[in-house]
Each structure stands twice: as structure tokens, then as C-alpha cells.
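Trainee:
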Amino acid sequence: MEDAIKEVSEKDHSENASFICVILSHGDENKIYGIDDYTDLHKLTGFLKGTKCKSLIGKPKLFFIQACRGQKFDDGVPLRDCVDADPTPSPPKLPVEADFLYAYGTAKGYYAWRNEEKGSWFIQTLCEKLLELRNQELMHILTSVNRKVAYEFESSQGQHKEIPCVTSLLTKLFYFPKTLPQQRIMADEKQLKNDQPSSLDSVDVAQITMEDRSVKASSTVPGTEDDCVYKMDYGNVGRCVIINNKTFTSGLETRLGTDVDQAALQKTFEDLGYKVDVHNDLTKNQMKSVLKEVSEEDHSQNSSFVCVILSHGTDDKIHGTDKSVKLDSLTEYFKGKECLSLFGKPKLFFLQACRGKKFDEGLDRDVLEASPLPTRKKLPVEADFLYAYATAPGHVAWRNHEKGSWFIQSLCEILPKHKHRELMHILIRVNRKVAFDYESSKTKQKEIPCITCMLTKEFYFPK
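Quick note, the sequence shown lines up with residues 0 to 462 if you use numbering that gives the first Met the number 0.
#1: Taking only three categories from DSSP, how would you classify Leu169?
#2: Among the candidates Lys60, Asp39, Lys53 and Thr44, whose CA atom is the shortest distance from the CA of Thr455?
#3: Mind reading off the beta-carbon distance from Ile425 to Ile407? Whole number of angstroms is fine, and I expect it under 8 Å.
#4: Can you list, in chain order, the residues of its chain with a C-beta nearer than 6 Å to that of Ser249? Leave out the 5 residues immediately preceding and following it.
#5: Three or more C-beta pairs closer than 8 Å, one from the segment 395 to 407 and one from the segment 38 to 49: is that the case here?
#6: Is the segment 442 to 461 in contact with the segment 69 to 76, if contact means three or more CB pairs nearer than 8 Å?
#7: Are the segment 159 to 168 and the segment 299 to 317 touching by the rule of at least three beta carbon pairs closer than 8 Å?
#8: Measure the alpha-carbon distance for Glu360 versus Asn145 and round it to whole angstroms.
#9: So for Glu96, helix, strand or coil by DSSP?
#10: Per DSSP, which one or two residues make a beta bridge with Val305?
#11: What is the C-beta distance between Leu309 and Thr257, in whole angstroms, given that I count them as a contact (C-beta under 8 Å)?
#12: The ligand ZN and Gly343: does any heavy atom of the ligand fall closer than 7 Å to the residue's C-beta?
#13: Run the CB neighbour count on Ser13, radius 10 Å, all protein chains shown included, and call it buried at 16 or more, exposed below.
#14: If you run the structure through DSSP and keep just helix, strand and coil, what is Thr451?
#15: If we count the other Cβ atoms within 10 Å of its Cβ and call it buried at 16 or more, is Asp211 buried or exposed?
#16: Per DSSP, which residues does Tyr273 bridge with? Please list them.
#17: How would you call His318, buried or exposed, if buried means at least 16 neighbouring beta carbons within 10 angstroms?
#18: Taking the alpha carbon of Arg113 as the reference point, which residue from Ser323, Leu255 and Phe247 has its own alpha carbon closest?
#19: For the candidate residues Glu28, Val277 and Thr170, whose alpha-carbon lies nearest to that of Asp436?
#20: If the criterion is Cβ atoms closer than 8 Å, does the pair Asn284 and Arg238 meet it?
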């Protein structure tokens, strides 16, 4: 496997618009099995990154992976147990892991950048784009966030780069409700533009350029079928919980600049109609208690839930002011029967925290063959990758001995039908089909595919 991917990476892809790799095998979390032994998925994808494959820099690299990611089963939750979820006559259950989205400030294993005066690259860009593009579908907004962070920011001294990472287990498209007056949006944009980092920041950021922006004023959801769009007309848009950890008793450095992020987030989500609660400097147990308490509330009149965590972190852990906690331990309060009034509704987690100790050195502009941007100096090495997994982290992937796997068969059915749509819209439909239409025959287990997106542009198959 390694030799095959390495050989392909060494070919000239200058006339190719994209690259796709599909792997069908046994697996575990971050591992793919060859017929003799396993290899790390990141080792396989590493052959396509940076200077190892210059002719694919700036072009989409898509990985579709049909393999287990652990040994857990998703028992699902009967729809009849859900409180006011979208009515669907079948199936009897939905996957517990479905309808979550996690937007990380950086790729797995990497530092997340924050300016001591202006705030973090990811959160400031997120707040800008949420207001600017609030009438667009959520993944369109987050792809725009990816692009701005990847193209316009680099650290002032080491010239390091960053690419946000979005992991989606959503089963429908997500649109924020209502429309702000045009004048209010323009005023918000002007204020956010004035708050951008300076050209050479004292700590960690140099902003290179500002792309032209236009305000989308449409108040309707264009070109979508109702059953493929989350219902957002409950009594309330939903709750937004912001956990802002700045000062630590564990010896970790103070997160200067995080209050700027917190203020921007509070304003942004209030403008989007959310009821915002801010919690500062929480210990590990306090973070768990706050989220557990919120999960036990009645959300039957809420359309969605948002949680933003600003803190130090590692790969799969978030730091409280005293100790770290696994992200799964915080999100589990909102899964399945733990929070029935949010089941079937979108639960969005935005995470500004480091995910490791690696730096993304970026790739110098002179090796790029992709669409030219004369002011761009570097592009993050991890940018422009998409990974579509058959199942959620830690879970088994299901396959029928005669008819093939749930994920791959659904992918092959949905792609031809919706090939004119943007890729993330296609994959969300795949998520929906697998989640709604399949369960194991004997044990009635469920599955939800998992999409990890670091693309910086929207992707359409050619007509």
C-alpha cells in the first residue's frame, strides 16, 4: 500500500484537477491493514503532502475509507423516544453519533495560533464569516473559513501556517434561520475588518491580504429538498455555551488574547439568534458539570446547540484550568438518550485549542502550480485534503457479504444522482442514507459516516 501510494505521488499530476484514493480494508483508529500488517493512515496520506507531491499542491485530495475505526458498536436510539425530532416514519433508530459537527482551529497534531491582542486566527475568521455568509449553508461558510486562515495568515517570526479542520457527522444541510438587515451585516463586516491583525504582529501573525467579499442577502434556502435540510423553525435557534479558559493553575501559560475571541463569539452568536452563556476559567470537573447540566435541560423548543471551547489542548484532549479531559467525555452528554430533546438536531462544537506540537511550515509560493494568488506566500501543508470515513472514530464499519458495505454502496448510489452538487452536500446525503436506511440484521446496530474536511475551496465534479 505504501509503495503504491508513493509511486502515484511521484507521478506528474500537473494536468490533473484532483486526486482520489479509496481504501477498502480492515482498520482501527488511524490504522489501515494490508494483508500482512497495518500502516498508519497519516503515513499513506503523507506521500501526497507538501514537497513530496508538488503537482497536487492546492488541488483537492479526497480519501474514501471503508474500514473499522475501533471496536465500538452504535446501538442507535429509537426515533419514538426522541422529543419533537423531525418526524420520519422509518427507520426505527438513528445512530447515536449522528448530527454532530466538530470544527477545530487546526489539523490533528498541530499547534493552533493565537495573537495576544487580536485573538486567534480561527475564531476571528469564524466570527467574520458567520456574519458575512450567514445565509449560506454551514459547510460553505466553514470552507470559506478554511480558505481565509490558510491563505491569509502566517506567524510573524517562524512563518508557520494553519489549516482548520472540520469533522462532520451531520445528516442534513444546515442553514441559520432569518436574515439580518443588510445595513447591520455591513456594519458588522466593517467592524470585524477594522479588528483584523496588523501586517506584522508582535507575537504570531502576519496577515497577507484581504479577499473581496460580498454580502448574501437571500433569506431562503436555495435548491434543497426539505428532508435534506435541518428544521430551524422551532421556537428558538438554540443555546450557545462558550467556555473560555485563560488562566491555568496547572503551570500552562496564560492564554492572552482569548478574551478578544470570547467577545467576538458572544456578539456573533447573539446576532445569529442564540442564547449565549459564557463560562470563564473552568476546571476539568467544572467543564463536565456545565455541559452535563446544559444537556439535562429541555431543548425541545431549540433548533440546534452550539458549544465553543477556548483553551489549551492536545490531540484529543481539552485542558481545564487544572487538568485535561478527553473531548469525548464532554460531548457524550449530548449523545443519544443522554439528551433526547436534541436528538436528530445539529450539535456544533467549535474548538480553539492545540491538537499536538507540530508546526505547519507551509509550502513556498514558487512551487505551487495551482490557481495563482500573487500575494500569497505559503499554503499549509495539510490544506486541501478531505477524508470520508465509513464510520465514526472508535466504531466498527459494516459490510454485507453479498451486497457490499453500507458506506461504499451508498456513496456509489448518491454520487451519480447528485454529481452536480457541491461535494460536501453529496457526502451529507451519503451520511443521511447510511444513518437512516441501514441497520444490522441481528443486533440492530447503526452506522454514521464521518467526513473530515480541510479543503479551502468548494469542490464540484466536472459536467
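All C-beta atoms in this analysis are idealised placements derived from N, C-alpha and C, irrespective of residue type, glycine included. Nothing here was measured: the structure is a model prediction, and the numbers come from that model.
Mentor: For this structure:
#1: coil
#2: Lys60
#3: Rounded, the Cβ-Cβ distance is 14 Å, inconsistent with contact.
#4: Asp321
#5: no
#6: Cβ pair count under 8 Å is three or more, so yes.
#7: no
#8: 17 Å
#9: coil
#10: Cys239 and Leu347
#11: 5 Å
#12: The model on display carries no ligand, and the ligand ZN is accordingly not part of it.
#13: Label assigned to Ser13: exposed.
#14: strand
#15: Residue confidence is low: Asp211 scores 26 on pLDDT, short of 50, so the model does not pin down where it sits. No coordinate-derived value is stated.
#16: DSSP output for Tyr273 lists no bridge partner at all.
#17: Its Cβ being crowded by 16 or more others within 10 Å, His318 is buried.
#18: Leu255
#19: Thr170
#20: no
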